[in-house]
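Peer 1: In the working numbering, the protein residues as written are 3 to 149.
For every residue, glycine included, the Cβ atom is placed at its ideal position computed from N, Cα and C.
The structure presented is a predicted model; accordingly, all values stated were derived computationally and were not measured.
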Amino acid sequence: MSSVLVLAAVPIVLAAGLLALMKVPTNLQLTVTDSALVIEPQGLDRLWTRRDRVELSLAAVSSIRIAPRSEAPPLPPRRNALHLPGIITAGAHGNTFWDARRGDQLLIIQCLPGAEFGTLVLQFANPFATLTRTRTVLAPHPHRAAT
(Lines of atoms letter the chains of each structure in order from A; the text may use other names.)
(Lines give C-alpha, C1' and ligand atoms only; values in the text may rest on other atoms or scores of the structure.)
Protein backbone atom coordinates (compact mmCIF):
# COMPACT_ATOMS: atom_id res chain seq x y z
CA MET A 3 0.00 0.00 0.00
CA SER A 4 2.81 2.43 0.78
CA SER A 5 4.31 2.07 -2.72
CA VAL A 6 0.96 3.10 -4.19
CA LEU A 7 1.01 6.26 -2.06
CA VAL A 8 4.56 7.04 -3.18
CA LEU A 9 3.64 6.56 -6.84
CA ALA A 10 0.57 8.75 -6.38
CA ALA A 11 2.66 11.45 -4.70
CA VAL A 12 5.25 11.69 -7.51
CA PRO A 13 3.03 13.59 -10.01
CA ILE A 14 1.85 15.90 -7.24
CA VAL A 15 5.42 16.70 -6.21
CA LEU A 16 6.45 17.27 -9.85
CA ALA A 17 3.47 19.57 -10.46
CA ALA A 18 4.24 21.51 -7.28
CA GLY A 19 7.88 21.84 -8.37
CA LEU A 20 6.89 23.21 -11.79
CA LEU A 21 4.44 25.62 -10.19
CA ALA A 22 7.14 26.84 -7.79
CA LEU A 23 9.59 27.21 -10.68
CA MET A 24 7.12 29.49 -12.44
CA LYS A 25 6.96 31.74 -9.39
CA VAL A 26 10.66 31.80 -8.46
CA PRO A 27 12.55 34.59 -10.26
CA THR A 28 15.98 34.18 -11.76
CA ASN A 29 18.81 34.49 -9.30
CA LEU A 30 21.73 36.09 -11.12
CA GLN A 31 24.51 38.34 -9.97
CA LEU A 32 26.07 40.60 -12.58
CA THR A 33 29.36 42.27 -11.73
CA VAL A 34 31.25 44.72 -13.92
CA THR A 35 34.99 44.94 -13.30
CA ASP A 36 37.54 47.11 -15.09
CA SER A 37 38.03 44.43 -17.73
CA ALA A 38 35.12 41.97 -17.58
CA LEU A 39 31.41 41.42 -17.28
CA VAL A 40 30.80 38.54 -14.85
CA ILE A 41 27.46 36.73 -14.63
CA GLU A 42 27.13 34.32 -11.71
CA PRO A 43 24.01 32.20 -11.39
CA GLN A 44 23.09 31.76 -7.73
CA GLY A 45 21.16 29.04 -5.92
CA LEU A 46 19.13 26.75 -8.17
CA ASP A 47 20.07 28.82 -11.21
CA ARG A 48 23.50 27.16 -11.03
CA LEU A 49 21.72 23.85 -11.51
CA TRP A 50 19.39 25.08 -14.28
CA THR A 51 22.16 26.76 -16.29
CA ARG A 52 24.85 24.18 -15.46
CA ARG A 53 27.25 27.07 -14.91
CA ASP A 54 28.87 28.68 -11.89
CA ARG A 55 29.99 31.69 -13.87
CA VAL A 56 30.14 33.29 -17.31
CA GLU A 57 32.91 35.84 -17.71
CA LEU A 58 33.11 38.09 -20.75
CA SER A 59 35.93 40.44 -21.53
CA LEU A 60 34.53 43.96 -21.90
CA ALA A 61 36.30 44.09 -25.25
CA ALA A 62 34.14 41.12 -26.38
CA VAL A 63 30.82 42.88 -25.62
CA SER A 64 29.41 44.62 -28.69
CA SER A 65 26.07 45.76 -27.22
CA ILE A 66 23.78 45.45 -24.26
CA ARG A 67 20.11 46.33 -24.33
CA ILE A 68 16.72 45.56 -22.87
CA ALA A 69 14.33 43.93 -25.27
CA PRO A 70 11.02 42.08 -25.19
CA ARG A 71 11.19 38.29 -25.35
CA SER A 72 9.96 38.43 -28.96
CA GLU A 73 13.32 39.98 -29.95
CA ALA A 74 15.42 37.30 -28.24
CA PRO A 75 17.29 34.90 -30.51
CA PRO A 76 15.35 31.78 -31.47
CA LEU A 77 16.23 28.55 -29.76
CA PRO A 78 18.00 25.98 -31.94
CA PRO A 79 15.94 22.92 -32.91
CA ARG A 80 18.30 20.60 -31.02
CA ARG A 81 19.24 21.71 -27.57
CA ASN A 82 20.84 20.06 -24.59
CA ALA A 83 19.81 22.70 -22.07
CA LEU A 84 16.67 23.32 -20.03
CA HIS A 85 13.64 24.68 -21.86
CA LEU A 86 10.10 24.42 -20.57
CA PRO A 87 8.02 26.79 -22.75
CA GLY A 88 6.41 29.54 -20.71
CA ILE A 89 8.27 28.48 -17.56
CA ILE A 90 12.07 28.55 -17.90
CA THR A 91 14.85 28.67 -20.46
CA ALA A 92 18.31 28.17 -18.98
CA GLY A 93 21.78 27.12 -20.04
CA ALA A 94 23.66 27.10 -23.33
CA HIS A 95 21.34 26.80 -26.31
CA GLY A 96 23.73 26.67 -29.25
CA ASN A 97 25.76 29.89 -29.20
CA THR A 98 23.33 31.62 -26.81
CA PHE A 99 23.37 31.52 -23.02
CA TRP A 100 19.95 31.87 -21.37
CA ASP A 101 18.67 32.35 -17.85
CA ALA A 102 15.10 33.57 -18.07
CA ARG A 103 11.73 32.66 -16.68
CA ARG A 104 8.41 34.11 -17.81
CA GLY A 105 9.43 37.78 -17.86
CA ASP A 106 9.11 39.81 -21.02
CA GLN A 107 11.82 42.44 -20.45
CA LEU A 108 15.15 40.70 -20.98
CA LEU A 109 18.72 41.96 -20.87
CA ILE A 110 20.34 40.92 -24.16
CA ILE A 111 24.12 41.08 -24.39
CA GLN A 112 25.62 40.72 -27.88
CA CYS A 113 29.23 39.63 -28.16
CA LEU A 114 31.82 39.97 -30.87
CA PRO A 115 32.96 36.88 -32.81
CA GLY A 116 35.38 34.78 -30.82
CA ALA A 117 33.61 35.17 -27.48
CA GLU A 118 32.41 32.07 -25.64
CA PHE A 119 28.79 33.00 -26.46
CA GLY A 120 27.42 35.13 -29.28
CA THR A 121 24.48 36.30 -27.17
CA LEU A 122 23.42 36.17 -23.53
CA VAL A 123 19.73 36.45 -22.71
CA LEU A 124 19.18 37.19 -19.03
CA GLN A 125 16.26 38.12 -16.85
CA PHE A 126 16.71 40.38 -13.84
CA ALA A 127 14.12 41.66 -11.37
CA ASN A 128 14.99 45.19 -12.52
CA PRO A 129 16.66 45.00 -15.94
CA PHE A 130 16.75 48.80 -16.27
CA ALA A 131 18.86 49.18 -13.11
CA THR A 132 21.19 46.44 -14.34
CA LEU A 133 21.55 48.16 -17.70
CA THR A 134 22.26 51.50 -16.02
CA ARG A 135 25.03 49.95 -13.90
CA THR A 136 26.75 48.52 -16.97
CA ARG A 137 26.20 51.51 -19.24
CA THR A 138 28.85 53.67 -17.57
CA VAL A 139 31.52 51.01 -18.13
CA LEU A 140 30.52 50.20 -21.71
CA ALA A 141 29.87 53.76 -22.92
CA PRO A 142 33.52 54.87 -23.36
CA HIS A 143 34.13 52.19 -25.97
CA PRO A 144 33.16 53.40 -29.48
CA HIS A 145 32.49 49.93 -30.99
CA ARG A 146 29.71 49.22 -28.47
CA ALA A 147 26.12 50.31 -28.15
CA ALA A 148 24.50 50.39 -24.71
CA THR A 149 20.83 51.13 -25.29
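Taking the CB atoms as reference points, tell me whether P129 and Q107 lie closer together than 8 Å.
Peer 2: Position 127 of the sequence shown, counted from the first residue, corresponds to residue 129. Position 105 of the sequence shown, counted from the first residue, corresponds to residue 107. Yes, these two residues count as a Cβ contact at 8 Å.
Peer 1: What is the residue span of the beta strand (DSSP E) that D101 lies within?
Peer 2: Along the sequence shown, one-based indexing puts residue 101 at 99. Segment T98 to A102, the beta strand (DSSP E) holding D101.
Peer 1: Under 6 Å Cβ to Cβ from R52, same chain only, skipping five residues before and after it: list those, please.
Peer 2: Taking the sequence shown and counting its residues from 1, one reaches residue 52 at position 50. Closer than 6 Å at the Cβ level, and outside the excluded window around R52, lie G93.
Peer 1: Alpha carbons only, please: which of R67, S65 and I90 is nearest the one belonging to L77?
Peer 2: Sequence index remark: in the sequence shown, residue 77 carries index 75 (1-based). Nearest option by C-alpha distance: I90.
Peer 1: Ends of the alpha helix (DSSP H) at T51?
Peer 2: Walking along the sequence shown from the start, residue 51 turns up at place 49. Taken as a continuous stretch (DSSP letters only), the alpha helix (DSSP H) holding T51 covers L46 to T51.
Peer 1: Leaving out five residues on either side along the sequence, give the residues of the same chain with a beta carbon under 6 Å from the beta carbon of L122.
Peer 2: Along the sequence shown, one-based indexing puts residue 122 at 120. Result list for L122: F99 and I111, in chain order.
Peer 1: Using a Cβ-Cβ cut-off of 7 Å (strictly less than) and excluding sequence neighbours within five positions of Q31, which residues of its own chain qualify?
Peer 2: Along the sequence shown, one-based indexing puts residue 31 at 29. Cβ neighbours of Q31 beyond the five flanking positions: E42 and Q44.
Peer 1: Determine the burial state of A102: buried for a count of at least 16 other Cβ atoms within 10 Å of its Cβ, exposed for fewer.
Peer 2: The count along the sequence shown starts at 1 and reaches residue 102 at position 100. Buried, by the Cβ-count rule.
Peer 1: Let me confirm a value: D47 is counted as buried when at least 16 other C-beta atoms fall within 10 Å, else exposed. Which label applies?
Peer 2: Locating residue 47 in the sequence shown gives position 45, where the first residue counts as 1. The residue is buried, with at least 16 neighbouring Cβ atoms inside 10 Å.
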